[in-house]
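Residue numbers (our numbering): 3 to 442. Note that beta-carbon positions come from the ideal geometry of N, C-alpha and C, so glycine has one too. Heads up: the structure comes next, in structure tokens.
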Ligand SMILES: Cc1ncc(COP(=O)(O)O)c(C=O)c1O
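As structure tokens, this is what we get:
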């Protein structure tokens, strides 16, 4: 019987991966997990430093979420929301409306962050088409430079990461890209094109895949105000920032902003299962009402939309937030994390440390891409007991909110150590020791 690694290398095409490189390495096989540790097939433990691609919240195998999923399996694993309903989806929708910014009363489920974005874009577009009159001109979107909203073609059309998106240019619709943080530029674009804009889409407070880029305070509020002045919608993509990542349940809350569309994914199920949601207002919802034969229906849906197992996990995750006072207990961890990152920012190998809450980017500056510095750092970190995944030469730390303080400190130490070793290795120099201030 071939090993897992052999089967993988024979048959799996991995996401965001140069498969020639992949085929030359022994894959790391994750077998199980405990809390915020991943455990490989040989029993070695690693801190899950990017919370399994930014989605795990309360740790792996949380008893409350496990129990909820088991209980749901005993009832039914899947039934469709096309023409039927079920309790987990209905109860979760009600809970999401309770915790979301005011005015978001309608929940449309899907199964990935990208799909949640497609739903928001299509709903915004169709809403204006159905309003009629001069509103039918609202066919374009404004997005931020370096934005990342997922990999489906609509999401890519409002994305701006040349490396990921450049190749697909001829397949995309055109959007207006503005500089993140520059409210005046947004005003200018809306002054010129406001009547053609269906919506402005932003990742609120922090642009994740752009390299954990933090927007200046007050920017999101000004974006909301600009949208209001021009009568257009605001889509907030909280796929990455939602569920406590920036220190509050949703990033929007920090600037008291209520968007017209709120896109959720990743942490929605505590990181257990693929589930996403697009929340919107009664106004948008009512814009689709009409007689059957008017065909104002939102003709969109996925097989696993609102999957009961995933909804049960999401309900349990929200219960854990309350039961464990997750957001309250997060605050001292955020302070500790940023305190420990001070000395990292001062390392000669580090150009800049950026972050908000539990989202951190350690920018190693410009390196020859062939050196693959970020990737080397991840390998060095793995040797030292942490799994991290870089964005190019930006090292991302995004542990689960449940990570313990000692593990948080150890994650920062391992990362600092790994950066030194990787940079020294890449340039053929001897590694220098970790700065004393980083020692626990
Ligand atoms: C802000 C943001 N939006 C959307 C997505 C896409 O989510 P998914 O990978 O679940 O399609 C991501 C994924 O990283 C993201 O960070």
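Listed in chain order, the alpha helix (DSSP H) elements of length 4 or more contained wholly in the region 153-230 are 155-159, 164-167, 185-195.
Rounded to the nearest angstrom, the gap between the Cα atoms of residue 147 and residue 179 is 5 Å.
Distance check between residue 422 and each of 380, 74, 232, 297 places 380 closest, using alpha-carbon atoms only.
Counting every other CB atom within 10 Å of its CB across the protein chains shown gives residue 217 a total of 16 or more, marking it as buried.
A distance of 8 Å or more separates the beta carbons of residue 274 and residue 49. In this structure, residue 154 lies away from residue 200, with their beta-carbon atoms at least 8 Å apart. Collapsing the DSSP output to three states places residue 286 in a helix. Taking C-beta atoms under 8 Å as the contact rule, residue 206 and residue 229 fail to qualify, at a distance of about 13 Å.
At least one heavy atom of ligand 1 falls within 7 Å of the beta-carbon of residue 210.
Contact between the region 293-307 and the region 109-124 is present, with at least three C-beta pairs closer than 8 Å.
Of the candidates 110, 291, 189, the residue whose Cα lies closest to the Cα of residue 84 is 110. Those residues having their beta-carbon less than 5 Å away from any non-hydrogen atom of ligand 1 are, in chain order, 114, 115, 116, 151, 152, 205, 210, 239, 241, 242, 267. Of all C-beta pairs linking the region 165-174 to the region 182-190, fewer than three are shorter than 8 Å, placing the two stretches out of contact.
For a cut-off of 8 Å, the C-beta gap from residue 356 to residue 214 is around 5 Å, short enough to register as a contact. Counting C-beta atoms within 10 angstroms of its own C-beta, residue 151 has 16 or more neighbours from the protein chains shown and is therefore classed as buried. DSSP, reduced to helix, strand and coil, places residue 411 within a helical segment of the structure shown. Residue 59 sits in coil when the DSSP states are folded into three classes, being neither helix nor strand. For residue 117, same chain residues with a beta-carbon under 6 Å away, outside a window of 5 residues either side, are 278 in chain order. In this structure the region 85-103 lies against the region 310-328, because at least three pairs of beta carbons, one per stretch, are closer than 8 Å. For residue 219, the number of other beta carbons within 10 angstroms of its own is below 16, and it is reported as exposed. According to DSSP, residue 39 shares a beta bridge with 36, 49. When DSSP states are grouped into helix, strand and coil, residue 143 belongs to the strand group. In this structure the region 316-336 lies against the region 397-405, because at least three pairs of beta carbons, one per stretch, are closer than 8 Å. In the DSSP assignment, residue 236 falls within the unbroken beta strand (DSSP E) covering 235-239. In this structure, the beta-carbon distance from residue 346 to residue 426 does not fall below 8 Å. Straight-line measurement puts the Cα of residue 128 at about 16 Å from the Cα of residue 293. Going by beta carbons, residue 262 and residue 241 fall outside the 8 Å limit. As DSSP reads the structure, residue 397 sits in a beta bridge with 364. Linking residue 197 to residue 60 through their CA atoms gives a straight-line distance of about 44 Å. Under the DSSP definition of a beta bridge, residue 279 partners with 111, 266. Here DSSP, grouped into helix, strand and coil, assigns residue 402 to coil.
Residue nearest to residue 366 within the set 390, 394, 339 is 394 (criterion: CA-CA distance). The residues 7, in chain order, have a CB closer than 7 Å to that of residue 28 in the same chain once the five nearest residues on each side in sequence are set aside.
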